[in-house]
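Q: Numbering (the numbering used here), first residue to last: 18 to 176.
All C-beta atoms in this analysis are idealised placements derived from N, C-alpha and C, irrespective of residue type, glycine included.
Okay, handing you the structure first.
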């Protein structure tokens, strides 16, 4: 058993990546662990975090309830910008091939290509997400939507 967040501080979300574990806490911390559980870095006071953090390429990202996405270097934890989601990520983010993606509270699918610094998808789905988005293989994203529906979306890329 690892105690990573401190006594009586619940882990709010976690996700395994190819080289470790990303955690958020109920107190607004982002913690990055190596596969053996050793803490690589942490950022406290990141905000009122919402849902799972994500890794996309060399970036770790986490969204807050207001719809702002904080970006950090995967190795050092150094902050390197923010993005605006607008409606906010209902259950967090997912990353694949250098693209950050979210099912937003307004029922739309949003994707941002970090290398090209641009939104590559902002598509109405008409159904709100109900669970965190997940990767489905290397090239697709799975969204669990209201009404028992499932969305399978190819990872969008800049033209």
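With C-beta atoms as the reference, is residue 150 less than 7 Å away from residue 111?
A: A contact, by the Cβ cut-off of 7 Å.
Q: Considering only DSSP beta bridges, list what residue 56 is partnered with.
A: Residue 56 is bridged to 50.
Q: Here's a check: name, in chain order, each residue in its chain whose Cβ is nearer than 7 Å to the Cβ of residue 139, leaving out the five neighbours to either side.
A: Only 125, 127 meet the Cβ criterion.
Q: What separation, rounded to the nearest whole angstrom, lies between the Cα atoms of residue 62 and residue 71?
A: So the alpha carbons of these two residues sit roughly 18 Å apart.
Q: Using a threshold of 7 Å, state whether the C-beta atoms of residue 104 and residue 123 are closer than that.
A: Cβ atoms of residue 104 and residue 123: closer than 7 Å.
Q: Taking the Cβ atom as the reference point for each residue, do residue 37 and residue 52 lie within a distance shorter than 7 Å?
A: Cβ atoms of residue 37 and residue 52: closer than 7 Å.
Q: Using three-state DSSP, classify residue 165 as helix, strand or coil.
A: Helix.
Q: If you draw a straight line from the alpha carbon of residue 46 to that of residue 158, how long is it in whole angstroms?
A: Their Cα atoms are separated by approximately 26 Å.
Q: As a quick exercise: from 162, 34, 42, pick the residue whose alpha carbon is nearest that of residue 27.
A: Of the listed residues, the one whose Cα sits closest to residue 27 is 42.
Q: Opposite residue 180 in the DSSP bridges: which residues?
A: As shown, the chain starts at 18 and ends at 176. That puts residue 180 outside it, with no answer to give.
Q: Mind checking residue 81: buried by the 16 CB within 10 Å criterion, or exposed?
A: Result: buried.
Q: Report, in whole angstroms, the separation of the C-beta atoms of residue 146 and residue 162, which I expect to be a contact under 8 Å.
A: Contact holds; Cβ gap of about 6 Å.
Q: Spatial neighbours of residue 172 within its chain, please: C-beta separation below 6 Å, excluding the five flanking residues on both sides.
A: Closer than 6 Å at the Cβ level, and outside the excluded window around residue 172, lie 113, 114, 116, 156.
Q: Going by Cα to Cα distance, which pick from 100, 175, 168 is closest to residue 143?
A: Comparing Cα-Cα distances from residue 143 to each of 100, 175, 168, the minimum goes to 168.
Q: So, residue 102 versus residue 86, is the Cβ gap smaller than 7 Å?
A: Yes, they are a contact pair.
Q: What's the C-alpha gap between residue 59 and residue 88?
A: One C-alpha to the other measures close to 13 Å.
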